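*Asks:* Sharing a structure below in structure tokens format, with a few things to ask.
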Amino acid sequence: MENLERLEELTIVPISRISRSDIEMHGGKAANLARLHRMGINVPQGFSVSSSVFTDMVISNPEAQELIKIISDSNDIDAILTYTSDLQKIIENIKIPKGTRSKILGAYRNLRKKSRQEEPNFAIRSSATVEDRDDFSFAGQARSFLCVSKEGDILDCIKGVWASSFTPQAVFYLRDNNVHLSTAKMATVVQEMIPADVSGVMFTANVISKNTDEILLNATWGLGETLVSGQVVPDTYVVGKQNLEVLEQRLGSKKRMCIPETSEKGRHVKIVETPQSKKDMHSLTCKEIKNLAQIGLQIERCFESAQDIEWCLNDSEVAIVQSRPITTI
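One gets the working numbering by counting positions in the sequence shown from 1 and adding 108 to each.
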């Protein structure tokens with residue numbers, strides 16, 4: 109009975125309440141964010157919808173189960189393309205039970221009330237239980253939804269994240285890494301979005317030169333979507349770990365930037381041309397570079413391995429939105 113109560117308690121929980129032992133319930137991304145929060149790192153507030161909800165809704169669905177088995181057993185690429193498309197449609201149309209729906213929307217309303225922003229936006233991302241291992245990363249395989257603001261869109265976006273774990277790309281990636289489809293459970297993180305002036309990625313080991321005594325930073329204006337999707341050439345900075353000396357600063361073209369936009373359809377992200385003045389200007393000051401590097405070292409020490417960290421700045425205040433092991437060194 110005690111275990112059942114604990115399981116029920118862990119279904120939808122604030123990020124701050126997730127422990128390292130909950131990784132099977134909430135996945136690598138959520139568990140790492142919780143760990144950063146406990147370190148005192150600034151992590152945007154949010155909550156996780158556990159993998160048990162995904163299992164109940166998707167893996168236990170008879171139609172979905174049948175298609176997962178067919179896809180797992182098939183070596184016919186055309187058949188896999190067809191069946192994954194059918195499977196995604198089934199998942200997108202799943203009806204979430206009233207009790208679970210109420211809990212998710214209650215957590216969302218509570219999160220919205222706590223926000224210091226007048227009109228907060230939210231990001232809905234995957235946190236797979238096979239994500240962020242030392243030997244490979246599932247991150248980037250599932251879809252993320254940004255600038256979600258309408259309560260009515262929350263559940264659809266969560267189902268969209270679930271469905272995206274069965275794209276052909278994700279299926280082949282799991283297969284290449286000997287992970288069976290039925291074992292790849294998906295938790296979902298709903299997190300407040302920071303209105304970022306600058307966003308970027310920090311590697312606490314230089315993944316270009318393979319120098320583990322250097323930190324590599326990439327930065328661009330606005331939200332980080334243009335950077336993580338490879339749409340821009342970012343500013344690049346190399347920092348020495350020993351004394352946080354900025355060893356290299358390289359100006360990127362930063363031709364596009366990602367910004368929030370409000371239209372008749374609601375809020376969403378938009379890719380726009382970067383103003384010329386910003387293209388010609390470094391997105392980070394020396395002080396901001398060193399501050400980020402210092403935070404990166406703190407995170408690396410905590411996780412005891414080199415980290416791939418996603419961050420953003422608002423009025424020079426750093427927020428960390430993801431940290432996972434570097435898998436390329």
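All C-beta atoms, glycine included, are put in the ideal place defined by N, C-alpha and C.
Owing to the predicted nature of the structure, the values given are computational and were not obtained by experimental measurement.
#1: Considering only the alpha carbon of each residue, which of GLN299, CYS255, CYS265 lies closest to VAL377?
#2: Tell me which residues share the same chain as PRO276 and place their Cβ nearer than 7 Å to its Cβ, disregarding the 5 neighbours each side in the sequence.
#3: Taking 8 Å as the threshold (C-beta atoms), are GLU418 and GLN430 in contact?
#4: Check whether the region 172-183 touches the region 258-270, taking contact to mean three or more Cβ pairs, one atom from each stretch, closer than 8 Å.
#5: Taking the beta carbon of THR334 as the centre, do at least 16 other beta carbons fall within 10 Å, making it buried, or is it exposed?
#6: How about LYS362 and PRO342: do their beta carbons lie closer than 8 Å?
#7: With the cut-off set at 8 Å, would you say ALA304 and LEU400 are in Cβ contact?
#8: Just the Cα atoms here: how many angstroms apart are GLN249 and HIS288?
#9: With burial defined as no fewer than 16 other Cβ atoms inside 10 Å of the residue's Cβ, what is the status of ARG143: buried or exposed?
#10: How many angstroms separate the CA atom of LYS293 from the CA atom of SER160?
#11: Mind checking who GLN299 pairs with in its DSSP beta bridge?
#12: State the start and end residues of the unbroken alpha helix (DSSP H) segment that holds ALA427.
#13: Count Cβ pairs between the region 194-206 and the region 147-167 that sit closer than 8 Å; are there 3 or more?
#14: Measuring only the C-alpha atoms, how far is GLN415 from GLU322?
#15: For PHE274 and ALA172, what's the separation of their Cα atoms in angstroms?
#16: What would DSSP say about ASN319, mapped onto helix, strand or coil?
#17: Comparing alpha-carbon positions, which option in GLU174, HIS134, GLY148 lies nearest VAL157?
*Replies:* Taking the geometry as given:
#1: Ranked by how close their Cα comes to the Cα of VAL377, the residues GLN299, CYS255, CYS265 have CYS255 in first place.
#2: Only ILE188, LEU189, THR192 meet the Cβ criterion.
#3: Less than 8 Å separates the beta-carbon of GLN430 from that of GLU418.
#4: No, because fewer than three Cβ pairs between the region 172-183 and the region 258-270 fall closer than 8 Å, the two stretches do not touch.
#5: Around the C-beta of THR334, 16 or more other C-beta atoms lie within 10 Å, and the residue is accordingly described as buried.
#6: For LYS362 and PRO342, yes; Cβs fall inside 8 Å.
#7: No, Cβ-Cβ distance for ALA304 and LEU400 is not below 8 Å.
#8: Cα to Cα, the separation comes out at about 15 Å.
#9: With 16 or more Cβ atoms within 10 Å of its Cβ, ARG143 is classed as buried.
#10: Going by the C-alpha atoms only, they are around 8 Å apart.
#11: Under DSSP, GLN299 shares a beta bridge with GLY154, ALA231.
#12: Premise fails: ALA427 lies in the beta strand (DSSP E), 425-433, not in any alpha helix (DSSP H).
#13: Touching, yes.
#14: The C-alpha of GLN415 lies about 12 Å from the C-alpha of GLU322.
#15: Whole-angstrom Cα-Cα distance: 11 Å.
#16: Correct three-state label for ASN319: strand.
#17: Comparing Cα positions, the closest option is HIS134.
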